[in-house]
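In our numbering, the protein residues as written are 76 to 769.
Encoded structure:
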């Protein structure tokens with residue numbers, strides 16, 4: 076049989092003796108062994124059409140492939156090499172499909188090779204063994220510091236000498252990490268480099284408030300030429316202040332370089348939904364996208380002159396958080412901070428304007444997972460933001476996060492009724508009820524401020540979760556019960572229930588031994604609630620969650636999977652879940668390589684033109700977050716969560732959001748965070764597991 080390109084005598088058509096890949100055109104694999112084992116007729120046909128070229132013309136139908144153009148080109152390259160004989164077909168006997176554990180072990184070995192190769196290439200490029208992450212390296216394992224140099228840490232140790240490493244001292248240096256992480260790193264490097272050091276002195280007579288005679292000073296070691304170290308108390312000099320100012324300016328330039336449009340123009344572009352994704356550092360296209368924001372834009376003075384801040388979050392990196400305010404010259408803005416985990420104790424000198432409160436749920440399996448902000452302004456107004464991002468630098472760097480930003484809510488007149496200024500969705504009542512459920516005095520003044528705000532312009536529903544066993548009216552107030560109540564009261568089940576339910580999250584809990592245990596049981600019933608007309612069927616369920624390959628190809632490589640804590644142990648008990656899974660793919664929003672920490676839930680029509688509702692929340696797919704019903708009918712929830720529900724009835728009086736343009740319809744399209752149609756997992760795909768980082 077002659078080749079399609081007779082001008083290349085080396086090329087030959089490979090006789091098809093292999094099985095055909097069952098995924099067909101939806102195959103997402105880029106692994107050579109997969110192509111050695113399976114035929115891909117659609118790729119061979121495409122190669123013939125292109126004359127064995129790998130460039131796909133703009134007008135070619137292949138550009139509408141279910142896989143990305145980049146993946147398609149890689150696949151064509153592999154098939155071409157097989158046809159050219161550059162890659163041989165394995166003649167080994169057919170092996171049984173490996174189990175998940177076996178497959179993961181193989182993938183871990185591959186990822187180890189990948190990391191080793193990447194590190195080798197980096198060392199070769201830099202002609203040194205310096206850590207490629209530089210001052211952003213967060214590692215705390217001694218082996219890492221034995222293998223790689225960290226010049227910035229050595230330079231810090233030169234300044235510190237043999238003094239104890241304390242927080243005041245590090246505050247004068249240009250560290251980019253939390254005090255705790257930086258101290259651990261410095262102590263490791265000290266030991267590796269064999270530096271001598273003195274233990275922390277036990278100074279008596281210093282008050283707990285820190286107002287001792289050494290206030291405003293730091294303990295340093297001064298190394299003079301030809302002398303031994305002389306320990307002395309040195310003031311925080313102007314040079315130190317200048318150095319800190321220079322470091323802050325450098326950070327400001329980096330952060331502000333991502334801001335290409337004003338926040339006011341972005342809010343105008345996002346209306347009426349006000350739904351944003353975070354800017355991705357390595358994806359320059361997102362810097363120009365008007366529906367992308369960075370943290371610093373949330374506190375831009377163009378939105379109002381800040382008077383106070385309420386932050387509810389899971390993880391907090393305090394130094395990074397404060398630096399965002401300092402970049403804009405906002406210092407000592409009163410802040411109430413409720414958190415689950417924090418990287419350092421709040422120093423006494425910061426407690427003059429920061430009110431910290433650790434929230435610990437009753438169950439060890441629960442967490443304070445909410446991501447909620449309230450900003451008050453000097454004109455009496457306020458703004459509420461619901462987010463999926465922790466208050467840590469990495470969450471606002473190369474990860475896909477979602478935010479809803481409320482319109483500015485002015486203060487009500489003093490003589491207003493207590494029920495005035497309510498949203499059509501009862502947003503204010505639900506938010507104040509959620510904050511009241513904490514039962515902590517730190518939130519009392521914030522509940523009063525929110526109660527006195529005019530929230531009549533808000534068009535989304537608030538849906539929260541609080542720990543407890545909820546019964547009676549409580550069933551309709553939290554988690555699955557709250558969402559079921561919202562949908563049942565407002566949504567007409569679309570077209571005989573044909574719209575698939577699409578779940579997208581960054582972690583997955585234990586869902587039970589089979590789908591009906593929770594996923595197609597409590598979850599499906601809740602998310603498919605609504606007013607039904609006639610006989611309806613059971614809709615499909617799809618779960619968007621990254622594959623191993625999705626993470627390996629991310630901007631941060633394997634480290635990109637650090638925000639996706641799904642474990643092999645959990646998955647081994649629910650392998651059935653793989654059949655529901657779909658790739659993370661976001662080419663349209665330039666975020667395919669930015670792992671999703673966002674959590675969304677929606678129902679979309681089979682033709683991908685309409686959506687009946689959309690949920691943005693901190694809640695992952697787990698019983699701890701959404702709750703589960705026990706035999707008594709009570710709803711048991713373990714964690715704190717917060718989210719918003721978008722219903723088209725409250726924006727346009729319609730029954731669906733448009734996802735694609737329709738002639739004559741000027742209704743704004745709803746901006747989904749991922750691409751449609753979804754790409755289901757193939758035979759060779761496995762979910763990303765957090766264990767791959769161990």
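Even glycine gets a Cβ: it sits at the ideal position worked out from N, Cα and C.
Keep in mind that this is a model prediction, so the values were computed, not measured.
Assign residue i to one of two classes, buried (16 or more other C-beta atoms within 10 Å of its C-beta) or exposed (fewer than that).
i: residue 761; result: buried
i: residue 524; result: buried
i: residue 360; result: exposed
i: residue 759; result: buried
i: residue 777; result: As displayed, the chain neither begins before 76 nor continues past 769, which places residue 777 out of reach and without an answer.
i: residue 664; result: buried
i: residue 646; result: buried
i: residue 94; result: exposed
i: residue 453; result: exposed
i: residue 200; result: The pLDDT assigned to residue 200 is 44, lower than 50, so where the model puts this residue is not dependable; a value taken from the coordinates is nonetheless given after this. Its Cβ having fewer than 16 others within 10 Å, residue 200 is exposed.
i: residue 406; result: exposed
i: residue 621; result: buried
i: residue 716; result: buried
i: residue 129; result: exposed
i: residue 339; result: exposed
i: residue 707; result: exposed
i: residue 769; result: exposed
i: residue 123; result: exposed
i: residue 656; result: buried
i: residue 226; result: exposed
i: residue 659; result: buried
i: residue 104; result: buried
i: residue 299; result: Residue placement at residue 299 is poorly supported in this model, since its pLDDT is 29, which falls under 50; the coordinates still yield a value, given next. That one is exposed.
Nearest by alpha-carbon distance to residue i: which of the options is it?
i: residue 573; options: 543, 677 and 650; result: 677
i: residue 118; options: 152, 107 and 94; result: 152
i: residue 268; options: 344, 157 and 228; result: 228
i: residue 571; options: 398, 513, 614 and 421; result: 614
i: residue 539; options: 551, 509, 658 and 521; result: 509
i: residue 554; options: 602, 378, 568 and 520; result: 602
i: residue 568; options: 528, 607 and 342; result: 607
i: residue 146; options: 121, 126 and 102; result: 102
i: residue 684; options: 126, 541, 733 and 604; result: 733
i: residue 422; options: 754, 471 and 393; result: 393
i: residue 670; options: 644, 686, 656 and 627; result: 627
i: residue 672; options: 741, 516 and 619; result: 619
i: residue 345; options: 362, 357, 358 and 367; result: 367
i: residue 109; options: 516, 121 and 150; result: 150
i: residue 577; options: 739, 380, 416 and 680; result: 680
i: residue 96; options: 111, 107, 106 and 115; result: 115
i: residue 475; options: 631, 644, 719 and 100; result: 631
Return the Cβ separation of residue i and residue j in integer angstroms, given the expectation that the two are a contact with Cβ distance under 8 angstroms.
i: residue 209; j: residue 473; result: That belief does not hold up - the Cβ atoms of residue 209 and residue 473 are roughly 16 angstroms apart, past 8 angstroms.
i: residue 556; j: residue 710; result: 5 angstroms
i: residue 348; j: residue 764; result: Wrong, their Cβ atoms sit about 34 angstroms apart, outside the cutoff.
i: residue 385; j: residue 411; result: 5 angstroms
i: residue 441; j: residue 642; result: The Cβ separation is near 18 angstroms, so there is no contact.
i: residue 391; j: residue 418; result: 7 angstroms
i: residue 432; j: residue 413; result: 5 angstroms
i: residue 396; j: residue 466; result: 5 angstroms
i: residue 541; j: residue 512; result: 4 angstroms
i: residue 351; j: residue 480; result: 7 angstroms
i: residue 675; j: residue 748; result: 6 angstroms
Can you find a CB in chain D that lies within less than 8 angstroms of the CB of residue i?
i: residue 575; result: The structure shown contains no chain D; it holds only a single protein chain.
Worksheet item: Given 8 angstroms as the limit, is there contact between the region 577 to 588 and the region 696 to 708, that is, 3 or more CB pairs closer than that?
Response: yes
Give, in chain order, every unbroken run of the alpha helix (DSSP H) that is at least 4 residues long and sits entirely within the region 604 to 654. 623 to 627 and 643 to 647
- At least 3 beta-carbon pairs within less than 8 angstroms: the region 487 to 502 vs the region 699 to 713: no
Scan the region 450 to 536 and note each continuous alpha helix (DSSP H) run of 4 residues or more that stays entirely inside, going in chain order. 502 to 511 and 519 to 526
With a floor of 4 residues, list each alpha helix (DSSP H) that falls wholly inside the region 337 to 420, ordered by position along the chain. Taking only runs of at least 4 residues, the alpha helix (DSSP H) segments lying wholly in the region 337 to 420 are 338 to 345, 359 to 363, 370 to 373 and 393 to 402.
- Message: Which complete alpha helix (DSSP H) runs does the region 142 to 166 hold, if anything under 4 residues is left out?
- Response: 144 to 159
query = Does the region 447 to 460 touch the region 637 to 651, meaning 3 or more C-beta pairs lie closer than 8 angstroms?
reply = no
What alpha helix (DSSP H) runs, 4 residues minimum, are completely inside the region 683 to 717? 698 to 701
Pairing CB atoms from the region 475 to 490 with CB atoms from the region 406 to 426, are three or more of them under 8 angstroms? no
message = Below 8 angstroms, how does it come out for the region 364 to 377 and the region 334 to 343: are there three or more Cβ pairs, yes or no?
response = yes
If you pair each beta-carbon of the region 541 to 559 with each one of the region 723 to 730, do three or more pairs fall below 8 angstroms? No, the region 541 to 559 is not in contact with the region 723 to 730.
Three Cβ pairs or more, each shorter than 8 angstroms: is that satisfied between the region 436 to 455 and the region 590 to 606? Too few Cβ pairs lie closer than 8 angstroms, so no.
Inspect the CB distances between the region 512 to 531 and the region 684 to 695 and report whether three or more fall short of 8 angstroms.
no
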